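If you read the sequence shown in full-length UniProt numbering, its first letter stands for residue 1, the second for the next number, and so on.
Heads up, the beta-carbon is just placed ideally off N, CA and C, and yes, glycines get one too.
Remember, predicted model here, so these are calculated numbers, not experimental data.
What follows is a set of notes on a single structure, which appears directly below.
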Amino acid sequence: MRIVLVGPPGAGKGTQAALLAERLGIPHVSTGNLFRDNISQGTELGREVQQILREGGLVPDEVTIAMAADRLAQPDAGDGFLLDGFPRNIAQAQALDELLGEGGHKLTAVLDLEVPEDEVVKRIAGRRMCRKNSGHVFHVEYAPPAVPGVCDVCGGELYQRDDDQEDTVRHRLELYHQETEPIIGYYREQGLVVTIAALGPVPEITQRALAALPEADAA
Ligand code: AP5
Numbered sequence: 001m002r003i004v005l006v007g008p009p010g011a012g013k014g015t016q017a018a019l020l021a022e023r024l025g026i027p028h029v030s031t032g033n034l035f036r037d038n039i040s041q042g043t044e045l046g047r048e049v050q051q052i053l054r055e056g057g058l059v060p061d062e063v064t065i066a067m068a069a070d071r072l073a074q075p076d077a078g079d080g081f082l083l084d085g086f087p088r089n090i091a092q093a094q095a096l097d098e099l100l101g102e103g104g105h106k107l108t109a110v111l112d113l114e115v116p117e118d119e120v121v122k123r124i125a126g127r128r129m130c131r132k133n134s135g136h137v138f139h140v141e142y143a144p145p146a147v148p149g150v151c152d153v154c155g156g157e158l159y160q161r162d163d164d165q166e167d168t169v170r171h172r173l174e175l176y177h178q179e180t181e182p183i184i185g186y187y188r189e190q191g192l193v194v195t196i197a198a199l200g201p202v203p204e205i206t207q208r209a210l211a212a213l214p215e216a217d218a219a
């Protein structure tokens, strides 16, 4: 299965992607996590994108597309993947179609997580992430760790992302509406979009997504 998750910042893409990827046996590929891992490891790419992420801007397409293509070329993504945060504009969506087409593949579905804006603001304000593993995500109220400030999974330190400050979140939401929302129309024309109501308990949303996926029963 080759799946794209789309939705505003804080919609729960990372949360659902981790659960769905495990259930479906495919890797969770998050461009945001890849950038954050590069930043924490101090790589050249990390230094190049650090300021952009801090300000909530979009990393230039050529950098993002090259990084995503490189990740999708890894053996574990050969039979499928769940993309989170990519593509984020029409140019990236076209590049992904091209990349998949070269291997004779196409997307299975695009899961559009629908959440009201006041809810995403609350989710982002309380989000805490693990420094050791950016895939481990908590919320001070909705998904609190057993010990405040400590990751339940690996014991890493929990922190608040630089780009989760109120002004930056507003900017990220604007960019989402301007740049990313149009890809939903692009994929709708290809008959790929499945809209999921993403309010309510996390496991229920995962079940809704699994039920809506074309081949989920077989996976
Ligand atoms: P990225 O990491 O992709 O950020 P985002 O798209 O803004 O999404 P978020 O990570 O903020 O939210 P999410 O939907 O994953 O929500 P989560 O599951 O954490 O990108 C970061 C930056 O990298 C970008 O701003 C850009 O600079 C750069 N970048 C990345 N990709 C790029 C690209 N393709 N092109 C250019 N630049 C790119 O959940 C949020 C919170 O809610 C958590 O605390 C969670 O515990 C809680 N929660 C989740 N589900 C529920 C629920 N059902 N009920 C209650 N709480 C919930």
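Original post:
Distance, Cα to Cα, D61 vs D37?
Top reply: On the sequence shown, residue 61 is found 61 positions in, with the first residue counted as 1. On the sequence shown, residue 37 is found 37 positions in, with the first residue counted as 1. For D61 and D37, the gap between their C-alpha atoms comes out near 19 Å.
**OP:** Kindly confirm or deny that the region 171 to 183 and the region 1 to 8 touch, where touching means at least three C-beta pairs closer than 8 Å.
**Re:** Segments in contact, yes.
**OP:** State the start and end residues of the unbroken beta strand (DSSP E) segment that holds F138.
**Re:** Counted from its first residue, the sequence shown places residue 138 at position 138. Per DSSP, F138 belongs to the beta strand (DSSP E) from V137 to H139.
Original post:
What did DSSP end up calling G12 once you bin it into helix, strand or coil?
Top reply: Stepping through the sequence shown from its first residue, residue 12 is reached at position 12. DSSP places G12 outside both helix and strand once states are collapsed to three, so it counts as coil.
Subject >> With 16 other Cβ atoms within 10 Å as the buried cut-off, status of G155 >> reply: The residue you call residue 155 lines up with position 155 of the sequence shown. It counts as exposed.
Subject >> Cα-Cα separation, E55 to D84 >> reply: Working through the sequence shown from its first residue, we reach residue 55 at position 55. Working through the sequence shown from its first residue, we reach residue 84 at position 84. One Cα belongs to E55, the other to D84, and the distance between them is close to 20 Å.
**OP:** Any chance you could list the alpha helix (DSSP H) runs of at least 4 consecutive residues sitting entirely within the region 33 to 83, in chain order?
**Re:** Runs found: 44 to 55 and 61 to 72.
**OP:** Starting from the Cα of C130, find the closest Cα among I196, I90 and P148 and give me that residue.
**Re:** In the sequence shown, counting from the first residue as 1, residue 130 sits at position 130. Looking at the Cα atoms, P148 is the closest of the given residues.
**OP:** Pull up the distance between the alpha-carbon of D217 and that of L210, whole angstroms please.
**Re:** Locating residue 217 in the sequence shown gives position 217, where the first residue counts as 1. Locating residue 210 in the sequence shown gives position 210, where the first residue counts as 1. Low confidence applies to D217: its pLDDT is 46, below 50, so where it sits in the model is not reliable enough to give any reading.
Original post:
Under 8 Å, do G12 and L82 count as touching if we go by C-beta distance?
Top reply: For this step, residue 12 is matched to residue 12 along the sequence shown. For this step, residue 82 is matched to residue 82 along the sequence shown. Not a contact, by the Cβ cut-off of 8 Å.
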